[in-house]
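Heads up: the sequence shown begins at 55 in our numbering, then just goes up one per residue.
Heads up, the beta-carbon is just placed ideally off N, CA and C, and yes, glycines get one too.
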Amino acid sequence: MTFVAAQRRPTHRQIVLAALVAIVFLVSLLTYQNGRLNFGVYRLDLDVYRVGAQAWMHGKALYGPLPPIANGMLEPFTYPPISAVLMAPLALMSNTAAGVVMTAVSLSLFLSVLALFLRAARLAVGARSWKLAAAMLPLAVLIEPVRTTLAYGQINIVLMALVSFDCLLPSTWFTVRGRKVGWPRGALTGVAAALKLTPMVFLLYYIARRDWRGCRNMLGGFAATTALGFAFCGRDSWQYWTSTVFDTSRIGLHDFSSNQSISGILFRAHLNGGTENAVWLACCAIVGLAAIAALFKLAQQNKPVTMLALTACTELLVSPVSWSHHWVWASPVLVCALVKGWRLRPTQGWRYFAGAAAVTAVFLAEPQVWFPHQNNLELGWGWWEQIIGSAYVWVAVVTLFVFALRPAPPVPPGAQPGGNAVEPRPRADQPAADAGDQAAMERLTKEAAAAAGILRRC
C-alpha cells in the first residue's frame, strides 16, 4: 500500500510572504540606489571591461590607447589580460544587456556568500542560512561598497565569492565508491588573484591555518590562470606582468577620497615621493605583523569567517589603491555581526548589537563624500575631515589590532586548527532563545519554507 502525504494549501499570509520575497529580489535586481532602474544606469567600469575585451578581440594592444567608452571618457584597462578574455561574452552584447547580466550574476553570488557566511559563523544551519540571507539581503545591498559595485558594474562581488567559496565550503562535495569528489581548496582564490592580483594577500589565510596544500593549490590556480592569459594574449600578458603591473598611476589619483587605504590617507596628508613610500612601507609592515598575530590565534580557534574578514582588512589597507567599492567584504561581515549581536541580547545586553549597528551606519553613510572631493579638493581637508573621510580605514585598523592584541582563549576541545570548513553545528555556549522567540522563529521558518515552495512551483 502506498501512502501519499497530503500537501497543505498555502495560507494567505504565506502567499503574501512569497510575493514580498519575489518583489524584494526584483527590486534589488533592477535598482541599486535612488530608485533608478537598471536599464537607465550607465555602468562605467563595466563599459571599460567591455572596451578592453573588444580591443583584445580585434587584436589591438590592451594597454595602449583604447577607444573612448560610451560617455566619451578615455579610460585605461588596468586588469590582467585574462580578465579581458573572460569579459568577451559581455562585449558581444549592449552595455545595457551586459549591465543586467552582471547585476544578476553579482546579486546571485552575493546571496550565496551571505548564506555561506551565516552558516560558517554558526548563526544558521542548512536551509535556514538561505532564509536568513534572503531576509538580510535588502539591507546588505544598501551598504555602500555593494551598491557602488552594482552601480559601476564592478567584479568585486565575483572575486569575493571565489575566495569565500574556496575558504568556507567543504572541499569534498560527495563520495563515489570511496573516492572524494570536489575541488582543490585554494585554487579558486588563485584564480581571483590572477584576475585582480590583490586577492593574493589571502595566501596569509592558508599559511595561518598551516594548510600547505591550500597554499600550493592557490599558487597553482594563479599560475594556471595566468598561463591561460599568455596563451590567449601573449604580447599583452608579457607587457602587463613585466611593466604595467608596477604602474599604479594607471589606476587613478591616490589622493581621491574614494581611495580608502593607507596610501590614500598619506597622499591626502600631502606626503608623496620617497617620504610617502617609506611611511607606507612601515605602516604596511605593522599591519602585516598585526594580521599574522591575529590570524594565527584565530586559526587555533577554527574561526574561518573572522579570519577571512581580517585578511580582507589587510588586503584593503596595504593595497596602494582600495576604492570604496572594493570594501564589499564589509557587508557579509556586518550582517553576521548584526545577527550575532541581536542573539546575544539575553546575555550581553545591547552592547554588541549597538557596536555592530554603529559600524554598519558608517558603511551605509559613505562619509568619504561628505566633504569637498574630486579635482584634488581632498588635499584641502582639515585634520578632522581627514579622519571622518577615511572612516573605512580606521574601522579596519581598529578591528585588526583588537584581534591582534586580544589574549588567545583556550582552544576548545575537538578544535582542529587548520582544518577544512565543515557544516557547522549549534554550540552549547550559544544563548538559547526564550519560548516566545523560539515559537515565532519556528512559525517564520515554516512560512518562509512554504513561500519558497510557491516560488519554485512558479
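Contact between G443 and Q422 holds, since their C-beta atoms are separated by about 5 angstroms, short of 8 angstroms.
Boundaries for Q314: no alpha helix (DSSP H) harbours it, and the DSSP string shows neither H nor E there.
Classified as buried, Q314 has 16 or more neighbouring CB atoms from the shown chains inside 10 Å of its CB.
Beyond the five residues adjoining it in sequence on each side, L388 comes within less than 6 angstroms, by CB distance, of T414 in the same chain, given in chain order.
Taking each of K185, D265, A391 and F310 in turn and checking the Cα distance to L349, the smallest one comes out for D265.
Within a 10 Å sphere around the beta-carbon of S183 sit 16 or more other beta-carbons, which makes this residue buried. Distance from the CA atom of K234 to the CA atom of H308, rounded to whole angstroms, is 47 angstroms. Following the DSSP letters along the chain, one finds P426 in no alpha helix (DSSP H), marked with neither H nor E. Contact check for L223 against A246 fails: the beta carbons are separated by 9 angstroms or more. Within the same chain, and ignoring the five residues on either side of T202 in sequence, the residues whose Cβ sits closer than 7 angstroms to its Cβ are S378 and H379.
The Cβ atoms of F286 and W110 lie closer than 9 angstroms to each other. Judged by beta-carbon spacing, S317 lies beyond the 9 angstroms limit of H427, meaning their Cβ atoms are not closer than that value.
By the neighbour-count criterion, in which a residue is buried when 16 or more other Cβ atoms sit within 10 angstroms of its Cβ, M272 is buried.
Exposed is the label assigned to M147, since fewer than 16 other Cβ atoms lie within 10 Å of its Cβ.
Excluding five sequence positions before and after A347, the CB atoms of its chain that fall closer than 7 angstroms to its own CB belong to A458, given in chain order. Check the Cα spacing between A151 and each of A248, M214, Y96 and G268: the tightest is with Y96. In this structure, C367 sits near L454, with a CB-CB distance shorter than 9 angstroms. Between the stretch 168 to 185 and the stretch 136 to 146 there are fewer than three inter-stretch CB-CB distances shorter than 8 angstroms, so the stretches are not counted as touching. Uninterrupted alpha helix (DSSP H) stretches at least 4 residues long and entirely within the stretch 242 to 300 occur at 257 to 262, 266 to 286 and 288 to 296, given in chain order. Taking V200 as reference, the option from T401, S166 and P386 with the minimal CA-CA separation is P386. Residue pairing by DSSP puts W377 in a beta bridge opposite N313. In this chain, the alpha helix (DSSP H) harbouring K351 covers G327 to Q355. The beta carbon of V155 sits closer than 7 angstroms to those of L144, all from its chain and outside the five residues before and after it, given in chain order. Between A187 and M141 a beta carbon distance of about 28 angstroms is seen, past the 8 angstroms cut, so the two are scored as non-contacting. Taking the Cβ atoms as the reference, P135 lies roughly 5 angstroms from S291, within the contact range of under 8 angstroms.
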